[in-house]
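As they're listed, the protein sequences go chains A and B.
Numbered by the numbering used here, the letters in the first sequence go through residues 1 to 225 in order.
Numbered by the numbering used here, the letters in the second sequence go through residues 226 to 463 in order.
Note that the Cβ used here is the ideal one computed from N, Cα and C, for glycine as well.
All remarks here apply to the structure that follows.
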Amino acid sequence: MGEEVKLIGSIQSLFSFRIEWALKLKGVEYEYIKEDVRNKSPLIFKYNPVHKKVPVLVHGGKSLPESLVILEYIDETWKNCPLLPEDPSQRAMARFWAKYADEKCLIAVWQAYMAEGEEKEKAMGPALESLAFLEKEIKGKKFFGGEKIGFLDLAVGWIPHWLNVLEEVGSMKLLDAEKFPSLHEWAENFIQISPIKECIPPREELVSYFHSALIYLRSLSANKP
Amino acid sequence: MASGSVADQEGQVMLLGFWFSPFVKRVEWALKFKGIEYDYVEEDLTNKSTLLLTSNPIHKKVPVLIHNGNPIAESLVIIEYIDETWKQNPILPQDPYERAMARFWANIIEQKVREPAREALFSQGEQQEKKVKELKEGMEVVEGEAKAKLNDKTLFFGGGNGVGYVDIVLGWTCNWMETIEEVGGFKVLDPKSQPQFHKWMANFREVPFIKPTLEPKEKLVEFFRMVRQDRLGLVANK
Numbered sequence: 001m002g003e004e005v006k007l008i009g010s011i012q013s014l015f016s017f018r019i020e021w022a023l024k025l026k027g028v029e030y031e032y033i034k035e036d037v038r039n040k041s042p043l044i045f046k047y048n049p050v051h052k053k054v055p056v057l058v059h060g061g062k063s064l065p066e067s068l069v070i071l072e073y074i075d076e077t078w079k080n081c082p083l084l085p086e087d088p089s090q091r092a093m094a095r096f097w098a099k100y101a102d103e104k105c106l107i108a109v110w111q112a113y114m115a116e117g118e119e120k121e122k123a124m125g126p127a128l129e130s131l132a133f134l135e136k137e138i139k140g141k142k143f144f145g146g147e148k149i150g151f152l153d154l155a156v157g158w159i160p161h162w163l164n165v166l167e168e169v170g171s172m173k174l175l176d177a178e179k180f181p182s183l184h185e186w187a188e189n190f191i192q193i194s195p196i197k198e199c200i201p202p203r204e205e206l207v208s209y210f211h212s213a214l215i216y217l218r219s220l221s222a223n224k225p
Numbered sequence: 226m227a228s229g230s231v232a233d234q235e236g237q238v239m240l241l242g243f244w245f246s247p248f249v250k251r252v253e254w255a256l257k258f259k260g261i262e263y264d265y266v267e268e269d270l271t272n273k274s275t276l277l278l279t280s281n282p283i284h285k286k287v288p289v290l291i292h293n294g295n296p297i298a299e300s301l302v303i304i305e306y307i308d309e310t311w312k313q314n315p316i317l318p319q320d321p322y323e324r325a326m327a328r329f330w331a332n333i334i335e336q337k338v339r340e341p342a343r344e345a346l347f348s349q350g351e352q353q354e355k356k357v358k359e360l361k362e363g364m365e366v367v368e369g370e371a372k373a374k375l376n377d378k379t380l381f382f383g384g385g386n387g388v389g390y391v392d393i394v395l396g397w398t399c400n401w402m403e404t405i406e407e408v409g410g411f412k413v414l415d416p417k418s419q420p421q422f423h424k425w426m427a428n429f430r431e432v433p434f435i436k437p438t439l440e441p442k443e444k445l446v447e448f449f450r451m452v453r454q455d456r457l458g459l460v461a462n463k
């Protein structure tokens, strides 16, 4: 595949990093185009007119948004170091869990991070429940992909680094090593793997971003009638 | 790559569903499109079977496809599983970029049309107005894609091959959208501003394996009216 690969991404976006990890795992050369999610450039409106979000992969001039869709495209285009298993029922399980992690777990964590006071305790419930399901899924395995990291590991790869920041800024503890020992161990293993460990955003950057995001989001809800 | 006869692939195929569910209908369409024999089990959502609860412990919802004892949940995940397991009559395009775009559009339909439609159905007042507005915007996006992809020769999003993944994912609009409008008391379908979408709907309804599966609108309206009243009744009593 000799065609040019570009990735429009952002240092604050956990979705962008999924794509970088996949491209690096497969040894695909790419040009990284930096977007600031707080100050979007005309480029993102051009390449992702429907959602206007990062990440967007541009391969041979054709653009593709939506991180999980991009991951599957990368896996089908560059066949080395497969991310999804061969077997259709295992592939279905990986897709099911990635969807669950994005639609339930991440959303629940986000709600808990935004909530205040009494509401926070209540909002933590669904987040903890979803982590419990992931704990069950990783039990007895080194990675979600088995011996090597795969599609689902990349999809939940925000847990080791981003969750910790959301916990700090959101004043909450979710990933308790005693409650979720297998998930905790997976998180420790995941961030030690190359190319993941060389490709994570600076923590201060994330703390600053999520801190200002929280103030902004809370001010929005305070202004609601 | 030929992987044995259809009979070998089949093993036992069971689909747990509910007659009113557009998600279940999608999976049925995928199975029928491929000519796969299956046992259909009508679930009672007020009294879910042990099989359903153990097959889908996370969501406890239909559809669930059980193939050779292996359960798969989530309609879009199931359709991809069906496409990868039975190779005849491909549902998704073969080209990786086209496949990716089909998946992208399926997500758009879920996020911008299906989800706001459901929320508009089960809300009222200001909240409903907000969701109806979102739904109308979603329909504009779909009309845009229909204008770009469809014409007198290409009737479906599946392209030259006829019905495909995006058609199957969007197909619920053919029957359920009018139902949701009537029960919810709002209007989003408009042949004047959505001409290509309406052409697509008319064509989709006539597809031979789709037509007999479409539930009568009166039956759907009666059912959803009851569910809406039930849901809003609960909200009012909080």
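* Given A/Ser208, which residues of its chain have a CB within under 6 Å of its CB, disregarding the five upstream and five downstream residues? -> Working through the first sequence from its first residue, we reach residue 208 of chain A at position 208. There are no such residues.
* Asked: Any Cβ of chain B within less than 9 Å of the Cβ of A/Phe133?
  -> Counting from 1 along the first sequence, the entry for residue 133 of chain A is found at position 133. Yes, contact with chain B.
* Asked: Taking C-alpha atoms, which residue in A/Asn189, A/Ala98, A/Val5 lies nearest to A/Glu147?
  -> Stepping through the first sequence from its first residue, residue 147 of chain A is reached at position 147. Cα-wise, what sits closest to A/Glu147 is A/Asn189.
* Asked: Got a sec? Which residues, its chain only, sit under 8 Å from A/Trp162 by beta carbon, not counting five neighbours each side?
  -> Position 162 of the first sequence holds residue 162 of chain A. Leu14, Leu206, listed in sequence order.
* Do you know whose CA, among B/Gln313, B/Glu351, B/Asn428, lies nearest B/Asp377's CA? -> In the second sequence, residue 377 of chain B corresponds to position 152, counting from 1. Of the candidates B/Gln313, B/Glu351, B/Asn428, the one whose C-alpha sits nearest the C-alpha of B/Asp377 is B/Asn428.
* Asked: What is the rounded straight-line gap between the Cα of B/Met426 and the Cα of B/Gln454?
  -> The residue labelled residue 426 of chain B in the question sits at position 201 within the second sequence. The residue labelled residue 454 of chain B in the question sits at position 229 within the second sequence. Between B/Met426 and B/Gln454, the C-alpha separation is close to 29 Å.
* In three-state DSSP terms, what is B/Met239? -> As a first step, residue 239 of chain B must be located in the second sequence, where it is residue number 14. It is a strand residue.
* To do: Identify every residue that forms a DSSP beta bridge with B/Glu267.
  => Within the second sequence, the letter at position 42 stands for residue 267 of chain B. Answer is B/Gly242, bridged to B/Glu267.
* **B/Cys399 versus B/Val338, B/Thr271, B/Arg328, residue with shortest Cα-Cα distance** => Walking along the second sequence from the start, residue 399 of chain B turns up at place 174. Comparing Cα-Cα distances from B/Cys399 to each of B/Val338, B/Thr271, B/Arg328, the minimum goes to B/Val338.
* Asked: If you pair each beta-carbon of the segment 54 to 73 of chain A with each one of the segment 266 to 284 of chain B, do three or more pairs fall below 8 Å?
  -> no
* **Listed by chain order, chain A residues near B/Tyr306 by CB distance under 8 Å** => What you label residue 306 of chain B is simply residue 81 of the second sequence in a count that begins at 1. The contacting residues are Pro88, Ser89, Arg91, Ala92.
* For A/Asn48, does the count of other Cβ atoms within 10 angstroms reach 16, so buried, or fall short, so exposed? -> By 1-based counting over the first sequence, the position of residue 48 of chain A is 48. Buried, because 16 or more other Cβ atoms sit within 10 Å of the Cβ of A/Asn48.
* Could you tell me which residues DSSP pairs with A/Glu31 in its beta bridges? => If you number the first sequence from 1, residue 31 of chain A lands on position 31. Beta-bridge pairing links A/Glu31 to A/Lys6.
* Opposing strand residues paired with B/Phe329 [DSSP bridges] -> For the purposes of this step, residue 329 of chain B is identified with residue 104 of the second sequence, where counting begins at 1. None; B/Phe329 has no bridge partner.
* Asked: Taking the alpha-carbon positions, what's the A/Glu135 to B/Phe449 distance?
  -> Walking along the first sequence from the start, residue 135 of chain A turns up at place 135. Walking along the second sequence from the start, residue 449 of chain B turns up at place 224. Going by the C-alpha atoms only, they are around 37 Å apart.
* Where does A/Arg38 land, buried or exposed, given buried means 16+ other C-beta within 10 angstroms? -> Stepping through the first sequence from its first residue, residue 38 of chain A is reached at position 38. Exposed, since its Cβ has fewer than 16 Cβ neighbours within 10 Å.
* Under the rule that 16 or more other beta-carbon atoms within 10 Å means buried, what is B/Glu406, buried or exposed? -> Numbered from its first residue, the second sequence carries residue 406 of chain B at position 181. Buried, because 16 or more other Cβ atoms sit within 10 Å of the Cβ of B/Glu406.
* **Span separating the alpha-carbon of B/Ala342 from that of A/Ile107** => On the second sequence, position 117 is the one that residue 342 of chain B refers to. On the first sequence, position 107 is the one that residue 107 of chain A refers to. Cα-Cα distance, rounded: 20 Å.
* Answer yes or no: does any C-beta atom of chain B fall closer than 9 Å to that of A/Arg95? => Within the first sequence, numbered from 1, the residue matching residue 95 of chain A stands at position 95. True, the Cβ-Cβ gap to chain B drops below 9 Å.
* So what's A/Gly170 in DSSP terms, helix, strand or just coil? -> Position 170 of the first sequence, counted from the start, is the residue given in the question as residue 170 of chain A. If DSSP states are grouped into helix, strand and coil, A/Gly170 belongs with coil.
* Leaving out the 5 sequence neighbours to the left and right, which residues in its chain are closer than 8 Å to A/Val165 when beta-carbon positions are compared? -> Here residue 165 of chain A corresponds to residue number 165 of the first sequence, with the count starting at 1. Around A/Val165: Arg203, Leu206, Val207, Phe210.
* Verify the CB distance criterion: does B/Val366 have a CB-CB separation below 9 Å to chain A? => In the second sequence, residue 366 of chain B corresponds to position 141, counting from 1. Taking Cβ atoms only, chain A reaches closer than 9 Å to B/Val366, which makes this a yes.
* Three-state secondary structure assigned by DSSP to B/Gly396 -> As a working mapping, residue 396 of chain B is identified with position 171 in the second sequence. Residue state, collapsed to three classes: coil.
* Asked: With respect to the alpha helix (DSSP H) encompassing A/His184, which residues constitute its N-terminal and C-terminal limits?
  -> Here residue 184 of chain A corresponds to residue number 184 of the first sequence, with the count starting at 1. It spans 181 to 190 - the alpha helix (DSSP H) in which A/His184 sits, taken as one unbroken run.
* To do: Mark B/Thr310 as exposed unless 16 or more other C-beta atoms lie within 10 angstroms of its C-beta, in which case mark it buried.
  => Here residue 310 of chain B refers to the residue found at position 85 of the second sequence. Label assigned to B/Thr310: buried.
* To do: Tell whether a beta-carbon distance below 9 Å holds between B/Ala371 and B/Gln313.
  => The residue given as residue 371 of chain B occupies position 146 in the second sequence. The residue given as residue 313 of chain B occupies position 88 in the second sequence. Not in contact: B/Ala371 and B/Gln313 (Cβ atoms no closer than 9 Å).
* **CA-to-CA distance, A/Ala123 to A/Gly27, given in whole angstroms** => Mapped onto the first sequence, residue 27 of chain A falls at position 27. Mapped onto the first sequence, residue 123 of chain A falls at position 123. Cα-Cα distance, rounded: 40 Å.
* **Selection of the segment 291 to 303 of chain B by Cβ proximity to chain A, strictly under 7 Å** => Asn295, Ile297, Ala298, Glu299, Val302
* CB-CB under 6 Å to A/Tyr30, same chain, minus the five flanking residues each way: which ones, in chain order? -> Reading the first sequence from its first residue, position 30 is the one you call residue 30 of chain A. The answer, listed in chain order, is Val5, Leu7, Leu23.
* To do: May I ask you to list the residues that DSSP assigns as paired with A/Phe143?
  => For the purposes of this step, residue 143 of chain A is identified with residue 143 of the first sequence, where counting begins at 1. DSSP, once it has assigned bridges, lists A/Gly146 as partnering A/Phe143.
* Asked: What in chain D is Cβ-close to B/Arg324, meaning under 8 Å?
  -> Checking the listed chains, one finds no chain D in this structure; the protein chains it contains are A and B.
* Asked: Taking buried to mean at least 16 other C-beta atoms within 10 Å of its own C-beta, is A/Asp153 buried or exposed?
  -> Against the first sequence, residue 153 of chain A aligns to sequence position 153. Buried, since its Cβ has 16 or more Cβ neighbours within 10 Å.
* A/Ser89 (DSSP reduced to helix, strand or coil) -> In the first sequence, residue 89 of chain A corresponds to position 89, counting from 1. Three-state result, A/Ser89: helix.
* Please list the segments of the alpha helix (DSSP H) lying wholly inside the segment 412 to 454 of chain B, counting only runs of 4 or more residues, in order along the chain. => 420 to 431
* To do: Starting from B/Arg328, find everything on chain A with Cβ-Cβ shorter than 9 Å and list it in chain order.
  => Against the second sequence, residue 328 of chain B aligns to sequence position 103. Residues of chain A passing the Cβ test: Glu66, Leu68, Val69, Glu72, Tyr73.
* To do: Determine, using beta carbons only, whether A/Val50 comes closer than 9 Å to chain B.
  => Along the first sequence, read from residue 1 onward, the residue named residue 50 of chain A stands at position 50. A/Val50 counts as touching chain B.
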